[in-house]
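A.B. asks: Numbering (UniProt numbering), first residue to last: 1 to 193. Take this structure, written in structure tokens, and hold onto it; I'll ask about it next.
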Amino acid sequence: MLVNKDTFDPEYDPDPEEPSLPQLSNTPTVHPASCLALSTPLLAHLASLLPRSPSLTISIGSGYGLLEALLLASPYSLNIIGVEVQPSPNTHLPRTHHREVAGSRFLEPLAGEAEAWLFVYPRRVGLLHEYIKEFARGKVQAVVWIGPTADWEDYKGAFVGWDVKVKGADELGGRAWEIVAVARKQTCGGVEN
């Protein structure tokens with residue numbers, strides 16, 4: 001197919017080229033597009049924590065979108081949308097699974113419709129507090145936080161009133177200095193707090 005270079009707009013490319021995803025192994029490996037060292041066991045564990053499609057997960061601060069693209073692809077096939085600040089460095093997520101916010105002080109309203117939120121190496125503690133304050137009464141049932149063990153002390157206060165389980169990432173296929181925290185809404189007699 002010939003395309004007139006003067007009128008071609010990549011935003012409306014009906015068949016954009018998907019970047020290839022790395023082949024993962026059992027060993028946690030750092031990839032240029034991810035702060036988190038990725039492995040097959042870690043990805044399988046993360047997929048087990050997040051709701052099955054068609055339920056929605058949003059990844060807040062998705063960066064290049066590599067982790068999210070891997071969770072979107074087979075065998076996991078999750079319904080996940082990455083959210084990043086403009087201009088987004090996203091190179092792995094298709095446009096249909098990517099949103100941008102105007103700055104780090106802006107929230108993505110889709111959080112109110114998502115059953116799970118994913119925060120991987122978040123940069124600002126206040127962002128987590130703001131999402132919980134604004135959208136925790138929505139559909140969200142779980143928040144997965146992944147980052148350095150040293151940072152967890154700053155973030156755990158955002159989950160007052162949630163049931164939180166923390167594991168060393170090395171137990172799950174990640175690096176020893178990272179943790180995976182899963183916060184779930186507490187229920188009291190079947191009623192959410």
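C-beta: ideal position from N, C-alpha, C; glycine also.
(1) Taking Q141 as the reference, which of T40, L56, L42 has the closest Cα?
(2) If you reduce the DSSP assignment to three classes, tell me which class P41 lands in.
(3) Let me check one thing: in DSSP terms, what residues is S59 bridge-paired to?
(4) For A116, which option in A136, H98, T91, A102 has the closest C-alpha, if you only look at C-alpha atoms?
(5) In angstroms, rounded to a whole number, what distance separates the CA positions of K185 and Y155?
(6) Residues bridged to P89 by DSSP?
(7) So, do the segment 58–65 and the segment 77–97 have three or more beta carbon pairs nearer to each other than 8 angstroms?
(8) With H, G and I counted as helix, E and B as strand and the rest as coil, what does DSSP make of V140?
(9) Short check: CB of E113 to CB of R99, under 8 angstroms?
(10) Measuring CA to CA, which of A181, S77, N26 is closest to V166?
C.D. replies: By the coordinates alone:
(1) L56
(2) helix
(3) G82, L118
(4) A136
(5) 16 angstroms
(6) P89 pairs with nothing; no bridge assigned.
(7) yes
(8) coil
(9) no
(10) A181
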